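Final position of the sequence shown in my numbering is 490; the numbers increase by one with none missing.
C-beta: ideal position from N, C-alpha, C; glycine also.
All values reported here derive from a predicted model rather than from experimental measurement.
Below is one structure, written out as structure tokens; the observations come after it.
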Amino acid sequence: MSYLHNGRVKMRSSKEKIMPVIQNYIGLPKEIYILFISKIINSLGRFIGPLLTLILTKKIGMSSTEAGALITIAMALQAPCVLIGGKLADTAGRKKVICFFFGLSALTFLSCTFMPVTKLLAYTLILGACFSSFSGSAYDAMVTDYTEVHNRQAAFSLLYMGTNVGSAIAPVVGGLLFKKHLKILFLGDAITTFIAVILIILLVQEHESVRKRQKQIDEQNEAVRQNVFEVLRETPILIIVALILSLYNFVYEQFGFGIPLGMDSVFGDRGAELFGLVSSINALIVIFFTPFLVHITKNMKVKNVLAVGGLCYAGCFMVMAISRHLYGYMVGIVLLTIGEILGAVNAAAFVANHAKATHLGRINSVVSLIRDAGYCISPIVVGSMLKWITIQQSFLVMGAIAAAGAMMMFALKDDMSGSI
71 MSYLHNGRVK MRSSKEKIMP VIQNYIGLPK EIYILFISKI INSLGRFIGP
121 LLTLILTKKI GMSSTEAGAL ITIAMALQAP CVLIGGKLAD TAGRKKVICF
171 FFGLSALTFL SCTFMPVTKL LAYTLILGAC FSSFSGSAYD AMVTDYTEVH
221 NRQAAFSLLY MGTNVGSAIA PVVGGLLFKK HLKILFLGDA ITTFIAVILI
271 ILLVQEHESV RKRQKQIDEQ NEAVRQNVFE VLRETPILII VALILSLYNF
321 VYEQFGFGIP LGMDSVFGDR GAELFGLVSS INALIVIFFT PFLVHITKNM
371 KVKNVLAVGG LCYAGCFMVM AISRHLYGYM VGIVLLTIGE ILGAVNAAAF
421 VANHAKATHL GRINSVVSLI RDAGYCISPI VVGSMLKWIT IQQSFLVMGA
471 IAAAGAMMMF ALKDDMSGSI
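Structure below.
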């Protein structure tokens, strides 16, 4: 493409031709791109999670009550794994934690290929999930190590997209193979995890700052050995944000619980079919609109972006509370997904920007536990509420909770650094 300048034709540089949206992802550290590719590969084989309930009930023969109890126990078991993983990420190193525990997870799923379909298989699958949960905080910490404030949001959004690209495909493939080729799913999960680990082993080095901190730990440096809860007391804004995000997650969990019930009450027998349609809209928006949202919000304060995400959640459930048409639910899902993207990309960046570098892995794990508590209690609480109110009235409650969380997020002061 060319333009006139002083009577002469000049060619635009290749950089000028690139859309500003794409420029956000150019020039990131090489390690971020490797982690992005490994996320895609690993999530492409994430067959087990979405199908776990069906594996427990349809293949192993558990009742829905028994399966639900086992999944709840599995979630509870992962909590200490997340905390220990965060501690190890700070002391042993991010790369070691990621590769070791993902490797154990892959070996566990590989062993399932040779097992009979019994309860032992179920327990082994849960063990594999626990091994995987050790690595979450290490991943976030490694992204933080290789980025700075100006490119951190783009890096986290890139990995978020990588996860969603694979996760959009894996359930479809898993659904096709579930009935007659269950063991192939275990093998596929193991192989993709091994490939992702090998990429990290060969192409990603531990960041120099982590190696220096490990040396400090060896020298019994007191600041490095400070308790994570003492560190969090010095940065109360992280606890407050984690609690607000827990409210957001309490509301968002209704995507899989309340919204299907709401669509069933409005559309009857077509409810499940139409819920599948709006779920597809969610996946498409995540994959294709994340770069645009990152570009639009890159100059905003992270806390304000998180607040806007909460307002999107509120708008979603307010629309669904009064809508009796599919278009209303589609608008609601669009708002919900925008809020999801803004939260997923910016929550990790906010923690990284405010956390003490020596305790980043542990802080990530504690914040993650607080934040995810909202997911865990939401179905139980809302299920109890539905004994007294309608599903549409519960949507109004969800909207009010999200709006309150957004107002609290807007009201936060950036200089909240005093101890609590």
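Counting only residues of its own chain and dropping the five nearest sequence neighbours on each side, valine 336 has a CB closer than 7 Å to the CB of Arg394.
Counting the other CB atoms within 10 Å of its CB gives proline 90 a total below 16, which places it among the exposed residues. In this structure glutamate 218 is exposed. Its beta-carbon is surrounded by fewer than 16 other beta-carbon atoms within 10 angstroms.
By the beta-carbon neighbour count (other beta carbons within 10 angstroms, threshold 16), glutamate 343 is exposed. Taking a cut-off of 8 Å for Cβ pairs, the stretch 358-370 and the stretch 299-316 do not touch, as fewer than three such pairs fall below it. The beta carbons of threonine 262 and leucine 114 sit about 6 Å from each other, so the pair counts as a contact at 8 Å. Counting other Cβ atoms within 10 Å of its Cβ, threonine 188 stays below 16 and is therefore classed as exposed.
The three-state secondary structure of alanine 391, taken from DSSP, is helix. Around the beta-carbon of aspartate 339, fewer than 16 other beta-carbon atoms lie within 10 Å, marking it exposed. The alpha carbon of glycine 475 has as its nearest neighbour, out of Gly244, Asp442, Leu153, Tyr383, the alpha carbon of Tyr383. In this structure, the CA atom of phenylalanine 171 is about 14 Å from the CA atom of isoleucine 196.
In this structure, valine 152 sits near serine 207, with a CB-CB distance shorter than 8 Å.
One thing to note: valine 267 has its Cβ within 8 Å of the Cβ of alanine 176. By the Cβ criterion, the stretch 244-251 is not in contact with the stretch 429-447, since fewer than three pairs of Cβ atoms, one from each stretch, lie closer than 8 Å. Going by DSSP, glycine 163 is part of no alpha helix (DSSP H) at all; its letter is neither H nor E. Rounded to the nearest whole angstrom, the CA to CA distance from methionine 333 to isoleucine 107 is 36 Å. Restricting attention to Tyr103, Ala144, Ile110, the CA atom closest to the CA of threonine 123 is found in Ala144. For valine 274, there is no enclosing alpha helix (DSSP H), since its DSSP letter is neither H nor E. Rounded to whole angstroms, phenylalanine 117 and phenylalanine 204 show a C-alpha spacing of 19 Å. Counting other Cβ atoms within 10 Å of its Cβ, alanine 419 reaches 16 or more and is therefore classed as buried. The DSSP-derived three-state label of leucine 98 is coil. With respect to the 8 Å criterion, asparagine 434 and alanine 211 are classified as neighbours on the basis of their beta carbons. In this structure, the CA atom of alanine 422 is about 7 Å from the CA atom of leucine 430.
Taking the C-beta atoms as reference points, phenylalanine 327 is found no nearer than 8 Å to methionine 390. Distance from the CA of proline 120 to the CA of proline 306, rounded to the nearest whole angstrom, comes to 35 Å. Taken atom to atom, the span from the alpha-carbon of cysteine 182 to that of alanine 312 is near 36 Å.
The residue from Gly444, Phe387, Val451, Asp259 with its alpha-carbon nearest to that of alanine 473 is Phe387.
Sequence-distant Cβ neighbours of phenylalanine 320 in its own chain, meaning closer than 6 Å and more than five residues away, are Gly444, Ser448. Out of Glu276, Ile310, Glu410, the CA that lies nearest to the CA of glutamine 324 is found in Glu410. Its chain contains Val213, Val415, Ala418, Ala419 as the residues whose beta carbon lies nearer than 7 Å to that of phenylalanine 226, once the 5 sequence neighbours on both sides are disregarded; these appear in chain order. Contact check for leucine 482 against lysine 368 fails: the beta carbons are separated by 8 Å or more. When secondary structure is reduced to three states using DSSP, isoleucine 130 falls in the coil class, being assigned neither helix nor strand. Following the DSSP letters along the chain, one finds lysine 189 inside the alpha helix (DSSP H) bounded by residues 189-203. The C-beta of phenylalanine 184 has fewer than 16 other C-beta atoms within 10 Å across all chains shown, which makes the residue exposed.
When DSSP states are grouped into helix, strand and coil, proline 306 belongs to the helix group. CA-CA distance, lysine 129 to phenylalanine 480, rounds to 48 Å.
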